[in-house]
Structure formats: C-alpha cells, structure tokens
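Residue numbers (this note's numbering): 3 to 207. Virtual Cβ for every residue (Gly too), placed ideally from N, Cα, C. Quick caveat, the model's predicted, so the values are computed rather than measured.
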C-alpha cells in the first residue's frame with residue numbers, strides 16, 4: 003500500500019513537472035504563428051504571474067518539499083516570455099519593463115514579515131481566480147478565442163488536479179487545496195469557452 007501511494011505521489015509530481023515544462027509553449031507558439039495576441043487578456047496574464055510568484059514564494063518560505071512546487075519557476079519564466087510576446091505584438095515591448103520590475107521587487111517584499119506572506123497567500127487565490135475571470139470576460143466580450151490555445155488550458159486543468167492529489171498526500175494545506183480546486187474549475191471553464199467560440203468560428207466559415 004505504501005509503495006502504491008509513493009508511486010502515485012511520484013507520478014503526480016513528475017507528470018505535473020513534465021506538463022508544466024511545456025505548458026505555455028502551445029500558447030506562445032499560437033501567438034507567434036498568428037503574429038497577434040488577439041484573444042489573450044493582458045490583465046489576466048499579469049494577475050496569473052502575480053499569483054504564481056506569491057505561491058512560489060510561500061512554498062519556498064515554509065520549505066515545502068521541492069517537488070511540490072518546482073514547476074512554478076518554469077511557469078513564471080514561460081509567462082514572462084508570453085508577456086513579452088503580447089507587448090511586442092501590441093506595439094511596445096518596453097512597456098513590459100515596469101511590470102517585470104514590480105514582480106522582482108515583490109519577491110523580496112513578500113518575506114519581510116511572516117504576516118505579509120501569509121496574507122499574500124490568502125489573497126493569492128483571489129488574484130489567481132481574478133486572472134481566470136479576466137480571461138473569461140475577455141472571451142465573452144470578444145466572442146472570439148483568437149490565438150488562445152486549448153491545449154495550454156487543458157494541461158493547466160490537469161496540473162491543478164494532480165496538485166490536489168499531491169497536496170492531500172503531503173502537506174494537507176487547506177489554503178492550497180482551496181486554491182487548486184478553484185483553479186481547476188476555472189481552467190475547465192476557460193477550456194470549454196475557448197472550444198465553444200472556436201466551434202462558432204468554424205461553423206461561420
């Protein structure tokens with residue numbers, strides 16, 4: 003039984019890491035191929051980056067097992083590349099500099115006091131949820147999925163499901179569990195919305 007549990011934990015950890023290593027690449031490829039950031043919400047991307055940063059800093063601060071959060075540096079790096087692509091195709095890549103500087107400074111500010119990082123994690127769920135809702139609102143407003151990658155959002159749904167399992171098997175942190183459950187639901191919702199508008203475009207053609 004113990005070996006089976008260990009095997010499941012190992013599979014969830016490594017599969018999540020493997021998926022996250024390429025999670026944003028389909029989205030980045032779609033943007034580059036279309037030479038357009040159409041369909042991608044900039045506020046959503048910035049909020050997602052903030053959520054990833056807080057979550058990574060929290061787990062580093064409390065010295066949680068490395069494999070339970072190793073994907074976050076990879077996700078942050080990919081999101082920064084995507085952010086630069088969005089600014090580039092919107093006409094001014096230099097506008098990304100203040101946002102990146104703010105994220106870097108936040109890394110140090112978050113752990114100045116224990117209460118700051120604890121509060122930040124509690125807000126992190128709302129920040130991450132807000133990023134997904136911003137993307138949903140953008141899709142509803144434009145009724146066009148544009149360059150949004152279905153694969154990226156599908157893979158994001160899998161990683162949330164896997165992290166629910168690993169959190170239950172390791173830290174049982176209720177705040178983290180709540181975050182993953184909410185993110186899973188919203189990721190599935192976005193995936194379904196992108197598919198819906200993609201089907202609408204195909205039918206119109």
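- Spatial neighbours of residue 7 in its own chain (CB-CB distance under 8 Å, excluding positions within 5 residues in sequence) are listed in chain order as 171.
- A direct Cα-to-Cα measurement between residue 164 and residue 52 gives close to 22 Å.
- Here residue 158 is near residue 25, since their CB atoms are less than 8 Å apart.
- Nearest to residue 9 by C-alpha distance, out of 174, 130 and 168, is 168.
- Less than 8 Å separates the beta-carbon of residue 85 from that of residue 47.
- Distances from the alpha-carbon of residue 149 to those of 19, 20, 42 and 14 put 42 closest.
- In the DSSP assignment, residue 116 falls within the alpha helix (DSSP H) that extends over 116-144.
- Here DSSP, grouped into helix, strand and coil, assigns residue 37 to coil.
- Within the same chain, 55 and 59 come within 8 Å of residue 109 by CB-CB distance, once the 5 residues on both sides are set aside.
- The three-state secondary structure of residue 172, taken from DSSP, is coil.
- Residue 15 sits buried, since 16 or more C-beta atoms from the chains shown fall within 10 Å of its C-beta.
- Scanning the segment 34-99 from its first residue to its last, the whole alpha helix (DSSP H) runs of 4-plus residues come out as 44-63 and 73-91.
- Distance from the CA of residue 194 to the CA of residue 95, rounded to the nearest whole angstrom, comes to 31 Å.
- By the beta-carbon neighbour count (other beta carbons within 10 angstroms, threshold 16), residue 33 is buried.
- With respect to residue 123, residue 177 sits close: the two C-beta atoms are nearer than 8 Å.
- The DSSP-derived three-state label of residue 5 is helix.
- Residue 151 carries a coil assignment under DSSP once its states are collapsed to helix, strand and coil.
- Taking C-alpha positions only, residue 78 is separated from residue 101 by approximately 13 Å.
- By the Cβ-count criterion, residue 64 is exposed, with fewer than 16 other Cβ atoms from all chains shown falling within 10 Å of its own Cβ.
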